[in-house]
Amino acid sequence: MDALELHFRELHRAADYAELLGCSVRTLSRATRNATGKGVRDLIDERRLLEARRLLGSARWDARSVAAHLGITDPANFGRFFRDRTGITPAAFAARALTTDP
């Protein structure tokens, strides 16, 4: 989990983390599922999504900037990533966050 927290912006594949930790993808996948009940990909995506939500909730970040910060070079891919997991676009999330924050 420490590796994920430190590297989620630049490492996006289970193989990247397995290499970093010096184990096989299969070993990492088994250990992750046993510890969390989730797959490696799910944990990576959840952490990236958490950061995206945090940044989009701030008036200082737009979707293009968040995508770049998370290492996603194509803003359209970021839009799909975000929408597939939240049901709304990054812009809609940001607008909603700005209107609901006190």
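Each residue of the sequence shown is one higher than the one before, counting from 1 in the UniProt record's numbering. No residue lacks a Cβ here, since even glycine has one placed at the ideal position from N, Cα and C.
Asked                                                                                                                                                        : Found
How do the segment 92-99 and the segment 49-65 stand: do at least 3 beta-carbon pairs fall below 8 Å, yes or no?                                             : yes
Looking at the structure shown, is R13 part of a helix, part of a strand, or coil, going by DSSP?                                                            : coil
When the Cα atoms are used, what is the spatial distance from P90 to R41?                                                                                    : 21 Å
Is it buried or exposed for L6, if we count other Cβ within 10 angstroms and need 16 for buried?                                                             : exposed
Quick one: which unbroken alpha helix (DSSP H) runs of 4-plus residues sit fully inside the UniProt domain "HTH araC/xylS-type" (1-96)? Chain order, please. : 2-7, 14-21, 25-36, 40-56, 63-69 and 75-86
Please say whether F93 and I44 have beta carbons closer to each other than 8 Å?                                                                              : no
Does the distance from the C-beta atom of Y17 to that of A3 stay below 8 Å?                                                                                  : yes
What is the rounded straight-line gap between the Cα of L70 and the Cα of A52?                                                                               : 8 Å
With burial defined as no fewer than 16 other Cβ atoms inside 10 Å of the residue's Cβ, what is the status of I72: buried or exposed?                        : buried
Using a Cβ-Cβ cut-off of 6 Å (strictly less than) and excluding sequence neighbours within five positions of R64, which residues of its own chain qualify?   : P75
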